[in-house]
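Chains S and G, in that order, give the protein sequences.
The letter at position 153 of the first sequence is residue 152 when you use numbering that gives the first Met the number 0, and the numbering goes up by one with no holes.
The letter at position 8 of the second sequence is residue 7 when you use numbering that gives the first Met the number 0, and the numbering goes up by one with no holes.
Ideal Cβ positions, reconstructed from N, Cα and C, are used throughout, including at glycine.
2 protein chains.
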Amino acid sequence: MTDARSPARLASPGDTATLARMLVDFNAEYDEETPSLEVLESRLGTLLRTDRFWAALAGDPPVAFATVTERDSPYYEGRVGYLEDLYVRPELRGQGIGGDIMRLLLDEARRRALGLVEIGVDEPDVDAMRFYESHGFIHRDPETGDRAFHIYQEF
Amino acid sequence: MTDARSPARLASPGDTATLARMLVDFNAEYDEETPSLEVLESRLGTLLRTDRFWAALAGDPPVAFATVTERDSPYYEGRVGYLEDLYVRPELRGQGIGGDIMRLLLDEARRRALGLVEIGVDEPDVDAMRFYESHGFIHRDPETGDRAFHIYQEF
Numbered sequence: 000m001t002d003a004r005s006p007a008r009l010a011s012p013g014d015t016a017t018l019a020r021m022l023v024d025f026n027a028e029y030d031e032e033t034p035s036l037e038v039l040e041s042r043l044g045t046l047l048r049t050d051r052f053w054a055a056l057a058g059d060p061p062v063a064f065a066t067v068t069e070r071d072s073p074y075y076e077g078r079v080g081y082l083e084d085l086y087v088r089p090e091l092r093g094q095g096i097g098g099d100i101m102r103l104l105l106d107e108a109r110r111r112a113l114g115l116v117e118i119g120v121d122e123p124d125v126d127a128m129r130f131y132e133s134h135g136f137i138h139r140d141p142e143t144g145d146r147a148f149h150i151y152q153e154f
Numbered sequence: 000m001t002d003a004r005s006p007a008r009l010a011s012p013g014d015t016a017t018l019a020r021m022l023v024d025f026n027a028e029y030d031e032e033t034p035s036l037e038v039l040e041s042r043l044g045t046l047l048r049t050d051r052f053w054a055a056l057a058g059d060p061p062v063a064f065a066t067v068t069e070r071d072s073p074y075y076e077g078r079v080g081y082l083e084d085l086y087v088r089p090e091l092r093g094q095g096i097g098g099d100i101m102r103l104l105l106d107e108a109r110r111r112a113l114g115l116v117e118i119g120v121d122e123p124d125v126d127a128m129r130f131y132e133s134h135g136f137i138h139r140d141p142e143t144g145d146r147a148f149h150i151y152q153e154f
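Listed below in structure tokens is the structure:
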């Protein structure tokens, strides 16, 4: 039996292969290239054993996941988390599974005393933006009303 | 004698007080709150002794600075750098000092084998966006043309 509404839980190193598989599927849905499954398994296996990377899963077997990586900042006593990915299998969307994962993430962020959690959201992805805003994320600076863009350079 | 065009260099823990002072001045210019000078000195002194935080300075005495913090990512073999701040004293802008610092940052990012460097840029700050783009940063996804927003939640 599968149970898509099994409660969200934090991932352990034993979830490495499952996470790698979902990460590949997630990027395939958006036509984004990823490292190979083998490389992802190796990296995720290493990262899940550090205290600067964590992940959440939902469903049994898992049908949704999220990953958070942490950096330091002079602006906060705690670390800053970056929500790298949040994914629910397409056929299971609209049932609150993403919300379950997000609540777990925010609880865990508080438990870890993070100062801030950041996300990069593609401009056309208005559903994602609405979802994140409904969970307390801020799109515009509360004082200036300005939005900020996420820009990057690969090496 | 002061020399604003003294070559850009990486900061050492001995630069902690100078960096903290400039970080306060930078945020004051944009009416952003910061932790106190004492708290910043303590945090920067700690962070500059780690291998996940680094900074660059230019001028003698320094008149410009930048800070980079690093996180892990399953998408890259190397770490991901986040350019937290880049600042040139207002009366010395337009002389290429920011460009000197940026070239040093990108050289150091390559030396550290970072996979990616990210920046958050406020939407109205078109001069900053032009500057970053001139140094190779990408505002729109090369395949989709989409921009991405940087959103956040503080705790």
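By alpha-carbon positions, which one of S/I150, S/E132, S/L103, S/D99 ends up nearest to G/D124? Taking the first residue of the second sequence as position 1, residue 124 of chain G is located at position 125. Ranking S/I150, S/E132, S/L103, S/D99 by Cα distance to G/D124 puts S/I150 first.
Could you tell me which chain S residues have their CB closer than 9 Å to the CB of G/A108, listed as they occur along the chain? Working through the second sequence from its first residue, we reach residue 108 of chain G at position 109. In chain order: Q152, F154.
Residues from the stretch 113-137 of chain S in contact with chain G, defined by Cβ distance under 9 Å: Correct list: L113, G114, L115, V116, E117, I118, G119, V120, D121, E122, P123, D124, M128, Y131, E132, H134, G135, F136, I137.
Please go through the same chain and pick out, in chain order, the residues whose beta-carbon is closer than 8 Å to the beta-carbon of G/D71, but skip the five residues on each side of it. Numbered from 1 along the second sequence, position 72 holds the residue referred to as residue 71 of chain G. Cβ within range, chain order: R78, V79.
If you follow the alpha helix (DSSP H) that S/E28 is in, where does it begin and where does it stop? Residue 28 of chain S sits at position 29 when you count from the first residue of the first sequence. Per DSSP, S/E28 belongs to the alpha helix (DSSP H) from 15-28.
Would you mind sorting S/Y131 into buried or exposed? The rule is 16 or more other CB atoms within 10 Å of its CB. Indexing the first sequence from 1 puts residue 131 of chain S at position 132. It counts as buried.
Chain-order list of residues whose beta-carbon lies under 6 Å from that of G/E117 (same chain, five-residue window excluded): Reading the second sequence from its first residue, position 118 is the one you call residue 117 of chain G. Once the five neighbours on either side are set aside, the close Cβ partners of G/E117 are Y81.
Closest Cβ-Cβ distance between S/L36 and chain G: below 8 Å? On the first sequence, position 37 is the one that residue 36 of chain S refers to. Output row for S/L36: interface = no.
Go ahead and label S/G97 buried or exposed: buried means 16 or more other beta carbons lie within 10 angstroms of its beta carbon, across all protein chains shown. One-based indexing of the first sequence puts residue 97 of chain S at position 98. In this structure S/G97 is buried. Its beta-carbon is surrounded by 16 or more other beta-carbon atoms within 10 angstroms.
Residue range of the unbroken alpha helix (DSSP H) whose run includes S/R129: Within the first sequence, residue 129 of chain S is the residue found at index 130, counting from 1. Per DSSP, the continuous alpha helix (DSSP H) segment holding S/R129 begins and ends at 125-133.
Following the continuous beta strand (DSSP E) through S/E83, name the residue where it begins and the one where it ends. Counted from its first residue, the first sequence places residue 83 of chain S at position 84. Per DSSP, S/E83 belongs to the beta strand (DSSP E) from 79-87.
If the criterion is Cβ atoms closer than 8 Å, does the pair G/P73 and S/L36 meet it? Position 74 of the second sequence, counting from 1, holds the residue named residue 73 of chain G. Position 37 of the first sequence, counting from 1, holds the residue named residue 36 of chain S. Not a contact, by the Cβ cut-off of 8 Å.
Who are S/R70's beta bridge partners in DSSP? On the first sequence, residue 70 of chain S is found 71 positions in, with the first residue counted as 1. Paired residue(s): S/V79.
Kindly confirm or deny that the stretch 126-144 of chain G and the stretch 134-151 of chain S touch, where touching means at least three C-beta pairs closer than 8 Å. In short, these stretches touch, since the Cβ pair count reaches three.
Return yes when the Cβ of S/L22 is within less than 8 Å of the Cβ of S/A10, no when it is not. Walking along the first sequence from the start, residue 10 of chain S turns up at place 11. Walking along the first sequence from the start, residue 22 of chain S turns up at place 23. No, these two residues do not count as a Cβ contact at 8 Å.
Contact list for G/S156 against chain S, beta-carbon separation under 7 Å: As displayed, chain G neither begins before 0 nor continues past 154, which places residue 156 of chain G out of reach and without an answer.
So which residues of chain G does S/D145 contact, with C-beta pairs closer than 9 Å? On the first sequence, residue 145 of chain S is found 146 positions in, with the first residue counted as 1. Within 9 Å Cβ-Cβ: D121, E122, P123, D124.
With DSSP run on the structure shown, which of helix, strand or coil describes G/L105? The sequence position of residue 105 of chain G within the second sequence is 106, counting from 1. The three-state secondary structure of G/L105, taken from DSSP, is helix.
Going by DSSP in three states, S/E142 sits in which element: helix, strand or coil? Within the first sequence, the letter at position 143 stands for residue 142 of chain S. If DSSP states are grouped into helix, strand and coil, S/E142 belongs with coil.
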